[in-house]
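J.:
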DNA sequence: TTGAAAGCGCTACCAC
DNA sequence: GTGGTAGCGCTTTCAA
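Protein chains in written order, with our numbering: chain A, 711 to 1044; chain B, 711 to 1044.
1) What does the Cβ neighbour count give for residue 1014 of chain A, buried or exposed, with the cut at 16 atoms within 10 Å?
2) Since residue 890 of chain B is in the beta strand (DSSP E), which residue starts that stretch and which ends it?
3) Going by other Cβ atoms of all chains shown within 10 Å of its Cβ, with 16 needed for buried, is residue 945 of chain A buried or exposed?
4) Alpha carbon to alpha carbon, how far is residue 794 of chain B from residue 749 of chain B? Give it in angstroms, no decimals.
5) Cα-Cα, which of A:1030, A:727, A:889, A:1005 is closest to residue 851 of chain A?
6) Express the C-alpha separation of residue 751 of chain A and residue 716 of chain A in angstroms, rounding to a whole number.
7) In angstroms, rounded to a whole number, what distance separates the CA positions of residue 987 of chain A and residue 964 of chain B?
8) Does the count of Cβ pairs from the region 773 to 793 of chain B and the region 823 to 837 of chain B closer than 8 Å reach three?
9) Should residue 711 of chain A go down as buried or exposed, given a rule of 16 or more other Cβ atoms within 10 Å for buried?
10) Going residue by residue through the region 877 to 932 of chain A, where are the continuous alpha helix (DSSP H) segments of at least 4 residues, counting only ones entirely within it?
11) Which runs of the alpha helix (DSSP H) spanning at least 4 residues fall entirely within the region 951 to 1018 of chain B, listed in chain order?
12) Using a cut-off of 8 Å between C-beta atoms, extract the partners of residue 957 of chain B located in chain A.
13) How is the beta strand (DSSP E) around residue 1033 of chain B delimited, first residue to last?
14) Could you check if residue 763 of chain A is buried or exposed, using at least 16 other CB atoms within 10 Å of its CB as the buried criterion?
15) CA-CA distance, residue 1037 of chain A and residue 924 of chain B?
16) Taking one C-beta from the region 835 to 843 of chain A and one from the region 975 to 995 of chain A each time, how about it: are there three or more such pairs within less than 8 Å?
17) Does the beta carbon of residue 992 of chain B come closer than 8 Å to any beta carbon on chain A?
18) Inspect the beta-carbon positions of residue 961 of chain A and residue 914 of chain A and report whether they are closer than 8 Å.
19) Got a sec? Which residues, its chain only, sit under 8 Å from residue 1025 of chain A by beta carbon, not counting five neighbours each side?
20) Only counting the same chain, and skipping five residues up and downstream in sequence, which positions put a Cβ closer than 6 Å to that of residue 812 of chain A?
21) Using alpha carbons as the reference points, say which of A:949, A:918, A:861, A:955 lies closest to residue 940 of chain A.
22) In the DSSP assignment, the alpha helix (DSSP H) including residue 761 of chain B goes from what residue to what residue?
23) Helix, strand or coil for residue 865 of chain B, going by three-state DSSP, please let me know.
24) Examine chain A for any beta-carbon lying closer than 8 Å to the beta-carbon of residue 1008 of chain B, and answer yes or no.
25) Comparing the C-beta of residue 799 of chain A with each C-beta of chain B, is any distance below 8 Å?
26) Secondary structure at residue 852 of chain B, three-state DSSP: helix, strand or coil?
27) Would residue 732 of chain B be called buried (16 or more neighbouring beta carbons within 10 Å of its own) or exposed?
28) State the Cα-Cα distance for the pair residue 927 of chain B and residue 949 of chain B, rounded to the nearest angstrom.
29) If we cut at 8 Å on Cβ distances, does residue 927 of chain B have a partner in chain A?
30) Could you check whether the Cβ of residue 759 of chain A sits closer than 8 Å to any Cβ belonging to chain B?
31) For a quick check, are the C-beta atoms of residue 848 of chain B and residue 1017 of chain B less than 8 Å apart?
32) Let's see if you can read the secondary structure: which residues bound the alpha helix (DSSP H) around residue 750 of chain B?
33) Can you give me, in chain order, the residues of the region 886 to 918 of chain A that have a beta carbon less than 7 Å from any beta carbon in chain B?
34) Using a C-beta cutoff of 8 Å, does residue 763 of chain B count as contacting chain A?
35) Buried or exposed, going by whether 16 or more other CB atoms sit within 10 Å of the CB of residue 815 of chain A?
36) Tell me which residues share the same chain as residue 873 of chain B and place their Cβ nearer than 7 Å to its Cβ, disregarding the 5 neighbours each side in the sequence.
In structure tokens, the structure reads:
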């Protein structure tokens, strides 16, 4: 079932069918409707592969995400997807969760596939940038790069966000803090951890960091268990993200420790769950809805059809104070 | 940068390059390595569109999910994805969340694209089945169909699961129950609701159902608010899924009602969160890991390369009792 | 306003 | 073992 069948049935040439298919002007109305009817009757659907082969383009956006199952990235994905679908594009998602080395192959695959745009969350394989810059495709980088040419960088101030959290806890009287880091060493989460250490040291509080093997709830539980087993008794526990923080709260409770009564807990990202967990989480809001919009904007041509221009976009952290840090300090003694 | 460039550089014909690319036997080792080197030096990547155009196949699995953002489906997606990637396939995800009418177009798109297999979660557009049966592609249906030919049906006994929950609550002494239904009318969730009504009526308890507009946490909150505002005061609240149930617990708490102290709550699906929420949720376990494995098994050729055979797979519910239903009834008075 | 024909990059068949 | 070549289904000049 191909375009030629349609052409035959409608008694026209292939070129004319193609014109109708692509909404090109200059086809007599009567011919057009004849073709349309033939398409209908034959239940004809153009073959997208043939199309992209012929044009060297495709209406697909390639996304590489380190962990699409982290609710934070899932939300970003959702935002991007809904925007993209609206504009007639599809998303192809590649998860690099298994292996950092996956990223380059994924990108090359996308390039070979002539995707309309590529977004990387959040990665930094050196050398990949050159490939990307050469490729004549709009690119969005998250938490990396400086923008320019065909590439747009969206950057969030993870250090400042972390600082807000540590300072809040300090102001609440906490002098013994622990940090649960991410299981994998990605630039943005590592920045958070480093800033925690910097801040905690500067303020002169006792501190400690742990890193779980797993991500998410299970990781938070595991790290908290290890921490407690080590004998360190923080009055405040900072999770590298909300997902992990909820797991930590749970494990604290399993061990008979209440939040924020015995231990205050904070997260990061402000995923929807952080408002619905119990206690609700004090966290740092990252405007993920905006991110979705910005990504699509940076990848797709604008209303006038002009290709997007690479630039640098900075996003600011916002402190959200909720139940998990209580109103008063858990321990005021120094 | 095409295969011909490689052929030229290696001083061979296009066919030989193709053979090497596809691992076909009967290429002299020396020629092979010469070609491999040329590929390397040219950084050549085969164009997947050209490939599928020539073969009429592609290593892509098409998934249609009503709501991939429901953590339950997200987990299933993850299970499928990891299996598929391992075997060298990619996933293309289409969400029908906006509109049920989207499903047919999505499927047709997949068909036009010559995907290697299609899975539908969970849908039932009549007439779509005919298209699917005719198409010579392995198909997996979730909670629909009877299996056979090229289509495999995976069915879960939602009614029995619901019954287990209602009977547990009844045994615990509850005589006034409310049910929060799903925002969209999908067959499986509707089955759950209907069975709740059947059971509750049979047991002679007072009951009520509400349906939120939103899904997830916000939906659970919204529905609970409406319910309470209506004046109905259940001692037990059943959420159509865990995601909604967590939102319900939160709203109860906002209104000064504790779980399970004042109101017992149950979910459905046994998503990971249900174990980490507070209180942890009594729920029905659906073996989503198995589902992922089964889907891939039903879509991809087996070890011997034989195409999969359609069949009917039944999955059994398992009751998971946790904190949200307490140990004792909230209200024992009849 | 329309059609013929030349590719797009790859595979697979048929010769050598 | 290897190469020539005819498509796969579509778009896009170029002519008519």
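Quick reminder that beta carbons are idealized off the backbone N, C-alpha and C, glycines included.
T.: In this structure, then:
1) exposed
2) 886 to 890
3) buried
4) 27 Å
5) A:1005
6) 9 Å
7) 12 Å
8) yes
9) exposed
10) 897 to 913
11) 952 to 964, 983 to 986, 998 to 1009
12) 986
13) That residue, residue 1033 of chain B, is in no beta strand (DSSP E); it is neither H nor E in DSSP.
14) buried
15) 32 Å
16) no
17) no
18) no
19) 864, 865, 866, 867, 996, 997, 1000, 1001
20) 806
21) A:918
22) 758 to 765
23) strand
24) no
25) no
26) strand
27) exposed
28) 11 Å
29) yes
30) yes
31) yes
32) 739 to 752
33) none
34) yes
35) exposed
36) 905, 909
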